[in-house]
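Notes for the one structure printed next.
Residue numbers (the numbering used here): 26 to 155.
Dropping the structure here:
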């Protein structure tokens with residue numbers, strides 16, 4: 026039996042407590058403009074996947090972590106630093122908020138948004154596909 030209908034990821038959903046603040050945060054972090062939608066949400070295109078941010082009175086934290094590639098890791102890191110959202114956790118014995126090369130060769134760093142959602146930014150040319 027062949028695999029002809031493998032599902033494709035088309036949207037990531039995260040919850041936040043303040044939609045206006047989240048839109049400012051993510052537009053700055055991702056260096057792009059989001060688009061508001063009905064139902065207390067906005068979207069940002071992140072490649073072929075839509076990043077959907079919705080407001081909730083009791084936001085649930087996203088999976089650990091959501092991974093994004095970037096061609097300019099230093100510029101993304103600088104924006105994250107300006108937002109004061111660099112991770113303080115240790116990741117594989119390294120400070121998560123600092124740019125570092127992980128044991129599998131990816132050059133990356135971690136952030137946490139104001140609602141506790143963890144994200145990782147990986148330099149595109151260093152992505153390890155498994």
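Ideal Cβ placement from N, Cα and C applies to all residues, glycine included.
- Measuring C-alpha to C-alpha distances from residue 132 to each of 33, 43, 97, 60 identifies 97 as the nearest.
- Using a 10 angstroms sphere on the CB of residue 62, the tally of other CB atoms stays under 16, which defines it as exposed.
- For residue 53, the enclosing alpha helix (DSSP H) stretches over residues 44-55.
- By the CB criterion at 7 angstroms, residue 87 and residue 33 fall outside the cutoff.
- In this chain, the alpha helix (DSSP H) harbouring residue 101 covers 98-107.
- Leaving aside the five residues that flank residue 149 on each side, the residues in its chain whose CB is nearer than 8 angstroms to its CB run, in chain order, 94, 95, 96.
- Residue 37 is a Cβ neighbour of residue 74, given a cutoff of 7 angstroms.
- Only residues of its own chain outside the window of five on either side were considered, and among them 112, 114, 135 have a CB closer than 6 angstroms to the CB of residue 121, listed in chain order.
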